[in-house]
Amino acid sequence: MDTENTQLVFDPEIFHFEIGTHRGKNIIWVKFPYKKESIALLKKYSIPKWSQSQKSWYVADSKSYRKLLGLEFSVVGKETITKIAPENYQQFQKFINQLKLKAYSENTIRTYSVEFAQLLYVLKSHPVESMTEERLKSYFLYCIEKLNISENHLHSRINAIKFYFEQVLHRQKMFIDIPRPKKPLLLPKALNTAEISKIIAATENSKHQLILKMCYGMGLRVSEIVHIKIEDIDSKAMRVLIARAKGKKDRYVNLPESIIIDLRQYYKCYQPKVYLFEGQFGGKYSVRSAQSVFKNAMNKAGIRKTVGIHSLRHSYATHLLELGTDISLIQKLLGHNDIRTTLNYTHVANTTISKVKSTGGSTLTKL
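Numbering (my numbering), first residue to last: -16 to 350.
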């Protein structure tokens, strides 16, 4: 069943939830009068554990479980909030509320909130709404000269602050004369097929291996692989729905025939309930865990390149291009809005580079 609606199953007059810790881990206590039916219901939608010392059931404190149980999830930590002066806290809350009303993703809300908070730390008790264009320019110059943040990071900070002045205070002309730094052209980092084979072979755990195979074989972002639900997989049509991906867009990707046997064996072994990949306590497998799987596989395979799990997506696109796949089809498979993003892979693919014959090579043979 879809976890977005299952919080209605847990009757608040029967079930009571408390945020807490147990054996050094953040958990959610699930308390209710003893009934076999209630225990069966809890086990149907989650993977709970029993604490003998506390005489209570509990699940991991995760986004998916908070959503499942109808609990609010804080997108900004207490550490961020406590550093904001009381004079600016109301504006900070308005900023977050407007992001939520605009239906921005949790990741964007978290990123924008942290970036906006950096400005509020510097301002201390000075009211943020009274800032002028010249003072904003001085602040961004401070970010470059004193904080030495990268061009991409500065773009993110400008976007967050721009949102506040334009969408919260409705000052549309505030950023017209504020220049933006030129972004560096960074090429996507891809692995070759031999390296990918080594990484997959070095991964002994069948669940972890399937995560890596699907990331590469379908060109998925790590946030997409952990979000796949069992109901999204259509083994007859050999395709998978990638629901509400980046930009809140749905798309279909091909399910590779090479992994269908592994997929069925994994399902029989692990018996996931809602999401294809679930954590130890149930719920959606975490992005951090998937990243750790890739990092450990890289170390075991003896590959020393400084790349993350996202390089599997880059490798997928690069290898498709090398096989002669049309660039517009690759764009659709990756879910890119702009074809220019996909065209970056033409700078990486061996077929485009190897076609260039060096005149210097023949010159060197004569020397």
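Even glycine gets a Cβ: it sits at the ideal position worked out from N, Cα and C.
### Query
What are the start and end residues of the beta strand (DSSP E) that includes residue 234?
234 to 237
### Task
Take residue 170 and list the residues in its own chain whose beta-carbon comes closer than 7 Å to its own, dropping the five residues that flank it on each side.
327, 330, 331
### Query
For residue 221, which option in 249, 227, 235, 209 has the closest C-alpha, if you only look at C-alpha atoms?
235
### Query
What are the start and end residues of each continuous alpha helix (DSSP H) run of 4 or more residues lying completely inside the stretch 96 to 178, in chain order?
116 to 128, 134 to 146
### Task
Can you have a look at residue -12 and say buried or exposed, based on whether 16 or more other CB atoms are within 10 angstroms of its CB?
Any reading at residue -12 is ruled out, since the residue's pLDDT is 45, under 50, leaving its predicted position unreliable.
### Message
In whole angstroms, give me the CA-to-CA distance for residue 313 and residue 14.
### Response
49 Å
### Query
Can you round the beta-carbon distance between residue 75 and residue 144 to whole angstroms, since I take them to be within the 8 Å contact cut?
About 12 Å separates the two Cβ atoms, so there is no contact after all.
#### Entry: Residue range of the unbroken alpha helix (DSSP H) whose run includes residue 243
243 to 253
### Query
Who are the Cβ neighbours of residue 179 in its own chain at under 8 Å, not counting the five residues just before and after it?
199, 295, 298
### Query
Among 253, 173, 324, which residue has its Cα nearest to the Cα of residue 289?
173
### Query
Using 8 Å as the Cβ pair cut-off and three pairs as the minimum, do the stretch 301 to 311 and the stretch 205 to 223 touch?
no
### Buried versus exposed, by CB contacts within 10 Å (16 or more), residue 258
buried
### Query
Contact between the stretch 277 to 288 and the stretch 305 to 312: three or more CB pairs below 8 Å?
no
#### Entry: Cβ neighbour criterion (16 or more within 10 Å) applied to residue 63
buried
#### Entry: Alpha-carbon to alpha-carbon, residue 196 and residue 268
16 Å
### Task
Taking only the alpha-carbon atoms, compute the straight-line gap between residue 349 and residue 189 and give it to the nearest angstrom.
Annotation note: pLDDT 43 at residue 349 (below 50); position unreliable, coordinate value reported separately. The straight-line gap from Cα to Cα measures roughly 55 Å.
### Query
Helix, strand or coil: which one does DSSP assign to residue 259?
coil
### Query
Of the residues -7, 227, 187, 186, which one's Cα is nearest the Cα of residue 203?
227
### Message
On the criterion of 16 or more Cβ atoms from any shown chain inside 10 Å, does residue 191 qualify as buried, or is it exposed?
### Response
buried
### Nonlocal neighbours in the same chain, by C-beta distance under 7 Å from residue 152, ignoring five residues either side
112
### Task
Give every residue of the same chain whose Cβ lies closer than 7 Å to the Cβ of residue 127, excluding the five residues on either side of it in the sequence, and list them in chain order.
137
### Backbone CA spacing between residue 23 and residue 175 [nearest angstrom]
48 Å
### Rounded Cβ spacing between residue 260 and residue 183 (contact assumed at less than 8 Å)
Residue 260 to residue 183, Cβ: 16 Å. No contact.
### alpha helix (DSSP H) segment containing residue 317, residue limits
310 to 317
### Query
Cβ of residue 105 within 8 Å of Cβ of residue 205?
no
### Message
Quick check on the burial criterion: 16 or more other C-beta atoms within 10 angstroms. Buried or exposed for residue 177?
### Response
exposed
#### Entry: Proximity below 8 Å, CB of residue 262 to CB of residue 45
yes
### Bridge partner(s) assigned by DSSP for residue 54
Residue 54 is not bridged to any residue.
### Task
Would you please state the rounded distance, in angstroms, between the beta carbons of residue 284 and residue 181? I believe it to be under 8 Å.
4 Å
### Counted within 10 angstroms of its Cβ, other Cβ atoms place residue -6 as buried (16 or more) or exposed
exposed
### Residues sharing a beta bridge with residue 305, DSSP
Bridge partners of residue 305: none, in fact.
### Query
Using DSSP with H/G/I as helix, E/B as strand and the rest coil, what is residue 9?
strand
### Query
Where does residue 41 sit, in a helix, a strand or coil, going by DSSP?
strand
### Task
For residue 17, count neighbouring Cβ atoms within 10 angstroms of its own Cβ and tell me buried if that reaches 16, exposed if not.
exposed
### Message
Do residue 70 and residue 108 have their beta-carbon atoms positioned less than 8 Å apart in this structure?
### Response
yes
### Residue from 85, 125, 252 whose Cα sits closest to the Cα of residue 101
125
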